[in-house]
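Only one structure is covered here, and it is reproduced in the block below.
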Amino acid sequence: MITCEKEIKSGYLKKVIEETEQKNSNEKEFIQALKEVLTSLEPVIIKHESEYKKIGLLERLVEPERIISFRVPWVDDNGQAQVNRGFRVQFNGAIGPYKGGLRFHPSVNQSIMKFLAFEQIFKNALTGLPIGGGKGGSDFDPKGKSDLEIMRFCQSFMNELQKHIGQDVDVPAGDIGVGGREIGYLFGQFRKIRNTYEAGVLTGKGLEYGGSLARKEATGYGLMYFMKEMLKANNETVSGKTVIISGSGNVAIYACEKAQQMGANVVAMSDSSGCIYDKNGINLDAIKEIKEVNRGRIKEYLKYEPTAEYIENEGDMPPIYSIKADIVLPCATQNDISLETAKKLIENGTIAIGEGANMPCTNEAVEYFVANKILLAPGKAANAGGVATSALEMSQNSLRAAWSFEEVDKKLENIMINIFNQCEKADKEYNLGINYVAGANIAAFKKISNAMIAQGII
Ligand code: NDP
Ligand code: 2IT
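And the structure:
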């Protein structure tokens, strides 16, 4: 018997959650994301229950417009054929062309793709820019692959994906395992097959061929702009705080850079093998060289800073979360912070969590943070700076223009302030008691539902 853990009063909402859970019972990440969002929307849904029910609004919201799954064959450096599975989930296009990243990681499956695409609908709505929600990727593991293997994989992936994307249709970008190098190979193959220079079909491109200044930095910088605003609204500052950041990829590196610029002391970062603790403050140039240039492991940090410590992963809780910090920025992957970890963080005096990653906290951890008045910046709001700047890249491509770093960065900062204001406004309007998670969900839902209602039952 499948039940909703939270007490739900709306019969319609309860029915949709239970039916969706039954229909997708093998998709645990998707169900998790869906429940977090839907349960928090109850105050809005109760007001419009019969209207929404009649037009099947929630049933349509939880069902992707389209899921594409395809074979990706490629040949490795030993001449051996390999086959991976590719995906693109085009979840909701009511607000604009589907938009969202591509993830290359061995854990990728339909559940993970759907949770990410579902989150993306709400995130993209919060940016205030005309982009719908989508996500894609593959269970391909880029670790240990040569540059030529990466290129051949990207080309094969694009051979199929190109049938389904376009600057006015669906615009992919990077995510875990997909950065500037992969976007370059994907764009090259798209251009060759389609024989058109449609720059706006992908974002996160290199600066030489239609990329935007500040896109690389945008997710991490945006996270810190949101954090600064959230702390300010609660009479706190970033300056002088101790920070730990899980992950050491694109989001983590630029969150660290901005946190340091804002006067915080970032003392720890991690990768999927372990974490480094440097009480003197992270040497970010060393991290950039290890990760962005050498594609190496974080433990190599000790070659640059011999007095730092490296702690290898062991047991259920990533060791980074045992390090005391005022501000915690999970910037690696989903479900990094369990209820047990959440308890540990609160014990250690953490005052704020900024979700750089998508769904890094389990639903139980989110509820625990909110109940304990920890300031929680939810991913779909706090990490929206990346996709927002992707939309700015699309604008520049349409205008055939290139804005300066300062111009893009300023627009990004304003977008993040506006996103925080939307979360705060919904929090106050619905008397949520400092719950920016529900605030973000409600603010985004209002926009998406209005667009869906206006466009009829499709
Ligand atoms: P990267 O591939 O650049 O970096 C990912 C980092 O997370 C690496 O340090 C990686 O370690 C670590 N990591 C990945 N998977 C796991 C895992 N299963 N367990 C532990 N550590 C893991 O990705 P991004 O920085 O781009 O993405 C990080 C997060 O931010 C993701 O949740 C992504 O969805 C989200 N995000 C990204 C945006 C972007 O613009 N790039 C925008 C908004 C959100 P290792 O190298 O050892 O695997
Ligand atoms: O999760 C995300 O928002 C991203 N990976 C960025 C998506 C984008 O289209 O820039």
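Take 936 as the starting number for the sequence shown in the working numbering and just add one per residue. We put the CB at the ideal spot given by N, CA and C, even for glycine.
Tell me the DSSP bridge mates of residue i?
i: Pro1335; result: The question names Pro, but residue 1335 in the sequence shown is Arg. DSSP output for Arg1335 lists no bridge partner at all.
i: Ser1205; result: Cys1210
i: Gln1401; result: Summary: the structure shown does not reach residue 1401, with the chain confined to residues 936 through 1393, and so no result is reported for it.
i: Ile1179; result: Ala1203 and Val1263
i: Ala1312; result: Gly1289
i: Gln1025; result: Arg1001 and Gly1069
i: Lys1034; result: Gly1068 and Val1106
i: Gly1101; result: Asp1105
i: Val1113; result: Asp1110
i: Phe1039; result: Ser1073
Given that a residue counts as buried once 16 or more other Cβ atoms are within 10 Å of its Cβ, and exposed if not, what is residue i?
i: Met936; result: Because Met936 carries a pLDDT of 36, less than 50, the predicted location of this residue cannot be relied on, and the following value inherits that uncertainty. Classification for Met936: exposed.
i: Phe1355; result: buried
i: Ala1336; result: exposed
i: Asp1110; result: buried
i: His1040; result: buried
i: Thr1131; result: exposed
i: Asp1213; result: buried
i: Val1393; result: In the sequence as displayed, the identity of residue 1393 is Ile instead of Val. Exposed.
i: Phe1340; result: exposed
i: Tyr1144; result: exposed
i: Ile1128; result: exposed
i: Ala1016; result: exposed
i: Ile1262; result: buried
i: Pro1241; result: exposed
i: Leu1096; result: buried
i: Asn1349; result: exposed
i: Gly1155; result: buried
i: Val1018; result: exposed
i: Ala1389; result: exposed
i: Arg1150; result: buried
i: Thr938; result: Because Thr938 sits at a pLDDT of 43, beneath the cut-off of 50, its placement in the model cannot be relied upon, and the point is left open.
i: Glu1359; result: buried
i: Gly1231; result: exposed
i: Gly1284; result: exposed
i: Gln1196; result: exposed
i: Gly1250; result: exposed
i: Lys982; result: exposed
i: Asp1082; result: exposed
i: Leu1280; result: buried
i: Ile1047; result: buried
i: Leu1148; result: buried
i: Gln957; result: exposed
i: Ile1383; result: buried
i: Leu1142; result: exposed
i: Lys944; result: exposed
i: Asn1298; result: buried
Using a Cβ-based criterion (distance less than 7 Å to any ligand heavy atom), does residue i qualify as near the ligand COA?
i: Ala1300; result: Judged by which ligands are present, the ligand COA is missing from the structure shown, whose ligands are the ligand NDP and the ligand 2IT.
Pop quiz: residue i and residue j are said to be a contact at Cβ under 8 Å. What is the actual Cβ separation, rounded to whole angstroms?
i: Pro1065; j: Gly1031; result: 4 Å
i: Gly1101; j: Glu1328; result: Incorrect: roughly 15 Å between the Cβ atoms, too far for contact.
i: Val979; j: Lys1234; result: Not quite, the Cβ-Cβ distance comes to about 47 Å (not below 8 Å), so this is no contact.
i: Phe1022; j: Ser1004; result: 5 Å
i: Val1202; j: Ile1217; result: 7 Å
i: Ala1361; j: Ala1386; result: Not confirmed; about 17 Å, so no contact.
i: Thr1276; j: Met1252; result: 5 Å
i: Ile1272; j: Ala1306; result: Between Ala1306 and Ile1272 the Cβ distance is about 15 Å, and since that is not below 8 Å, they are no contact.
i: Leu973; j: Leu948; result: 6 Å
Between the stretch 1136-1153 and the stretch 1166-1183, can you find at least three pairs of beta-carbon atoms closer than 8 Å? no
Can you give, in chain order, each stretch of the alpha helix (DSSP H) that sits fully within the stretch 1220-1301 and has at least 4 residues? 1236-1239 and 1274-1282
May I have a chain-ordered list of the alpha helix (DSSP H) segments no shorter than 4 residues that lie completely inside the stretch 963-1012? 963-975, 977-982, 984-989 and 992-996
Between the stretch 1364-1383 and the stretch 947-967, do at least 3 Cβ pairs fall closer than 8 Å? no
Beta strand (DSSP E) runs contained entirely in the stretch 1312-1386, provided each spans 3 or more residues: none
Determine contact between the stretch 1112-1120 and the stretch 1309-1327, defined as no fewer than three beta-carbon pairs at a distance below 8 Å. no
Indicate whether the contact test is met: 3 or more Cβ pairs, each with one atom in the stretch 1291-1307 and one in the stretch 1019-1035, closer than 8 Å. no
Under 8 Å: do the stretch 1068-1076 and the stretch 1038-1055 share three or more Cβ pairs, one atom per stretch? yes
Three Cβ pairs or more, each shorter than 8 Å: is that satisfied between the stretch 1233-1253 and the stretch 1208-1222? yes
Would you check if the stretch 1004-1023 and the stretch 1087-1097 touch, i.e. whether three or more CB-CB distances between them fall below 8 Å? yes
Please confirm if the stretch 1314-1326 is in contact with the stretch 1051-1061, defined as three or more CB-CB distances below 8 Å between the two stretches. yes
List, from N- to C-terminal side, the beta strand (DSSP E) runs of 3 residues or more that fit wholly inside the stretch 1117-1186. 1177-1181
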